[in-house]
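Numbering of the sequence shown is given in my numbering, commencing with residue 1 and proceeding in unit increments.
Glycine included, every Cβ here is placed at the ideal spot set by N, Cα and C.
Remember, predicted model here, so these are calculated numbers, not experimental data.
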Amino acid sequence: MTDQGTQGTSHGPGGAVADSVDRRTLLRGSALAGAGVLAAGCSTAQAEIPSPKAAPNSARFDPRNWESIRAQFSLTRRYAHFSAFMLASHPAPVSAAIKHFRDGLDSFPQQYGLGMDDFRRSDDVRKALAGYIGTKAEQIALTDSATMGIGMVYAGLRLRAGDEVVTTEHEFYSTHEALRLRAQADGVVVRTIKLHDDPARASADQLVARLKAAITAKTRVVAVTWVYSSTGLKLPVKQVAAALAEINRRRDEQERVLLCVDGVHGFAAEDVTMQDLGCDFFMTSTHKWLFGPRGTGFVWGGPEAWARFQPVVPSFSMPAFTGWLTGRPPTGAPGDLATPGGYHSFEHRWALAKAVEFHQAIGKARVAARIRSQSDRLKEGLAGLGHVRLVTPRSAELSAGIVCCAVEGLKPEEVVGRLFEKHRISAAETPYRESFVRFGPSIVTDPREVEQVIRAMATLR
Ligand SMILES: Cc1ncc(COP(=O)(O)O)c(C=O)c1O
């Protein structure tokens, strides 16, 4: 276990890692891959705006048929897409919704996109997300990415100099960097622990015990990831939450430890609600496993979490504008007030509801089961190859869709290059200090392609 002090960790880019992770690795791993003025926002000229065509669903879309689902994507069929979860390709209904809103905006942005139109459509998006994660729309802030949500939460939490954030050395860059910036700004102390020595042999009890042991009287936040993109390990978030609840029972409200989770690789890959997870803040993008519009995401927070958060970017929400116009501090839905304002690529944001609908038409549980059966088979196949070391745990308890491995005698980028060039398989190397080969079976891959990966990996002896 390491205590990194107020200057954050040495693991983020800019530290030792930057030297050892070359630029090519970062790029190939795809790691770095409205309001108007309220008073004028309610349009009187609405009727004159040419109405864009209703967003059509593809006539051939049969959500019970996996081939039909795959056919909604215009991904090239020349490759098997085991990295598609990193940045979404838009399925046909989402593309159609984006086009629908873009046509409206292009026809008359000042009338179509601003004021009440945005409030209404953004509310529809919040409601769709709330239904999907089993929570309330008012607790959801819309963002453009997981990184934006992570940055917002760690910058906006009400913490004092000397308060501690416990995080792990396994986090993605976004969490490490957000915490480094926070520590630099006001003396919040970031303590970085190692959750496990070998992810493949980790146990839920050991993961929880290490986190619990790191909590001190000064700890106010635990900053972790649900499914680690470094190894594919899935943190048993519910058990971590239960361990923290035990500690929190003995603490005053302001001193309780908040559990903040980067949920990006579990969201829309696992069939859970926020209640199932039991965390306080959940940050994700919706342009990964949900295959939602690129440049969309959200933060969900429970009431106690939002009460300890101070927005960092002015929202373009009704209460914030009203507060500004009347000279009174805004009151209103916390998610609305925390949503960063400014004009956005609204056609993408508003089309997010369609992505949720697309996913729900297939069925959350069916999507999760489809991902699980492919990743289970992939892990089984890889584990049977003598020259491959599986890094991701085998159990459903400690893994989700991501499958990471190492190949004896080959660097991850060599493996990824050979798979791409010789076998038409798109995989990635992980952009971390210790890099692995990473696959993400999803709704755009199928069991035959999983067998193709296993066969291809068998040739890399
Ligand atoms: C664990 C993890 N969190 C966050 C991100 C960044 O997500 P976004 O592109 O939505 O900011 C990534 C990778 O892209 C990731 O692997």
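Chain-order list of residues whose beta-carbon lies under 7 angstroms from that of Ala-368 (same chain, five-residue window excluded): Non-local C-beta neighbours of Ala-368 in its own chain, meaning closer than 7 angstroms and more than five positions away in sequence, comprise Ala-269, Glu-270, Asp-271, ordered along the chain.
Sequence-distant residues of the same chain with beta carbon closer than 7 angstroms to Lys-234, five excluded per side: These residues qualify, in order along the chain: Trp-226, Val-227, Gly-266, Leu-398, Ser-399, Ala-400.
Within the same chain, show all residues whose beta-carbon is closer than 8 angstroms to that of Arg-308, passing over the 5 residues directly before and after it, in chain order. Hits under 8 angstroms: Leu-157, Arg-158, Gln-254, Leu-258.
What do you get for Thr-472, buried or exposed, if any count of 16 or more other CB atoms within 10 angstroms of its CB means buried? Since the first residue of the chain shown is 1 and the last is 461, residue 472 is not available in this structure.
Going by DSSP in three states, Met-148 sits in which element: helix, strand or coil? DSSP places Met-148 in the helix class (H, G or I) of the three-state scheme.
Neighbourhood of Ile-247 by C-beta distance below 7 angstroms, restricted to the same chain and skipping five residues each side: So the list reads Ile-215, Val-257, once near-sequence residues are dropped.
Near ligand 3: Asp-262 beta-carbon under 6 angstroms from a heavy atom: This structure lacks ligand 3; the ligands present are ligand 1.
Strand pairing of Ser-229, partner residues [DSSP]: Here Ser-229 is not bridged, per DSSP, to any residue.
Is Phe-85 near ligand 1 - that is, is its Cβ less than 6 angstroms away from at least one heavy atom of it? No - ligand 1 has no heavy atom lying nearer than 6 angstroms to the Cβ of Phe-85.
Does ligand 1 have even one heavy atom less than 6 angstroms from the beta-carbon of Ser-317? False, no ligand heavy atom lies under 6 angstroms from that Cβ.
Please identify the residue among Ile-402, Ala-427, Lys-422 whose C-alpha is closest to the C-alpha of Pro-412. The residue from Ile-402, Ala-427, Lys-422 with its alpha-carbon nearest to that of Pro-412 is Ala-427.
Can you grab the Cα-Cα spacing for the pair Arg-23 / Arg-251, in whole Å? Caution is warranted here: a pLDDT of 39 is assigned to Arg-23, below 50, making its placement in the model unreliable, and no coordinate value can be reported.
Round the Cβ separation of Val-299 and Ala-338 to the nearest angstrom and send it over; I've been treating them as touching at under 8 angstroms. 7 angstroms between Cβ atoms; contact.
Alpha carbon to alpha carbon, how far is Glu-347 from Ser-317? Taking the straight line from one Cα to the other gives about 18 angstroms.
Beta-carbon separation (whole angstroms), Gly-297 vs Met-86, contact threshold 8 angstroms: About 14 angstroms separates the two Cβ atoms, so there is no contact after all.
According to DSSP, is Phe-346 helix, strand or coil? Helix.
Could you tell me which whole alpha helix (DSSP H) segments of length 4 or greater appear in the segment 127-208? Runs of the alpha helix (DSSP H) inside the segment 127-208: 146-156, 173-186.
Going by C-alpha to C-alpha distance, which of Val-453, Val-407, Met-152 sits closest to Ala-178? Relative to the Cα of Ala-178, the nearest Cα in the group Val-453, Val-407, Met-152 belongs to Met-152.
Quick check: the segment 377-388 against the segment 203-221, are there 3 or more CB pairs under 8 angstroms? No, the segment 377-388 does not touch the segment 203-221.
What did DSSP end up calling Val-403 once you bin it into helix, strand or coil? Per DSSP, reduced to three states, the secondary structure at Val-403 is strand.
Hey, Lys-379 and Val-415: beta-carbon distance below 7 angstroms or not? No, they are not a contact pair.
Name the two residues that bound the continuous alpha helix (DSSP H) containing Ser-373. Start and end: 364-383.
Could you tell me whether any non-hydrogen atom of ligand 1 is closer than 6 angstroms to the CB of Phe-498? For the chain, the structure presents residues 1 to 461; residue 498 sits outside this window and is missing.
With a cut-off of 7 angstroms, does the C-beta of Pro-199 fall near any C-beta of chain B? This model lacks chain B altogether, as it is built from one protein chain only.
Span of the beta strand (DSSP E) around Thr-284: Per DSSP, the continuous beta strand (DSSP E) segment holding Thr-284 begins and ends at 281-285.
Using only CA atoms, which one of Ala-155, His-287, Gly-131 lies nearest to His-90? Measuring from the Cα of His-90, the nearest candidate turns out to be His-287.
Just the C-alpha distance for Leu-105 and Glu-171, rounded to the nearest angstrom, thanks. Straight-line spacing of the CA atoms in Leu-105 and Glu-171 works out to 38 angstroms.
What does DSSP give as the partner residue(s) for Ala-80 in the beta ladder? DSSP lists Ile-425 as partners of Ala-80.
Taking the alpha carbon of Leu-142 as the reference point, which residue from Pro-334, Lys-194, Gly-162, Arg-370 has its own alpha carbon closest? Among Pro-334, Lys-194, Gly-162, Arg-370, the Cα nearest to that of Leu-142 belongs to Pro-334.
Taking the continuous alpha helix (DSSP H) assigned at Gly-297, which residues delimit it? In the DSSP assignment, Gly-297 falls outside any alpha helix (DSSP H) and lies within the beta strand (DSSP E) extending over 297-301.
Could you check which residue in Lys-194, Ser-229, Val-356, Phe-282 has the C-alpha nearest to that of Val-237? Measuring from the Cα of Val-237, the nearest candidate turns out to be Phe-282.
For Ala-146, is the beta carbon positioned less than 6 angstroms from some heavy atom of ligand 1? Yes, the Cβ of Ala-146 comes within 6 angstroms of a heavy atom of ligand 1.
Identify, in the order they occur along the chain, each residue of the same chain with its Cβ nearer than 8 angstroms to the Cβ of Pro-447, setting aside the five sequence neighbours on each side. For Pro-447, same chain residues with a beta-carbon under 8 angstroms away, outside a window of 5 residues either side, are Ser-373, Gln-374, Arg-377 in chain order.
Shorter than 6 angstroms, the distance from the beta carbon of Thr-225 to the closest heavy atom of ligand 1, or not? Checking the Cβ of Thr-225 against ligand 1 gives yes.
Confirm the yes/no value for this check: CB of Phe-436, any heavy atom of ligand 1, distance under 6 angstroms. For Phe-436, the shortest C-beta to heavy atom distance toward ligand 1 is 6 angstroms or greater.
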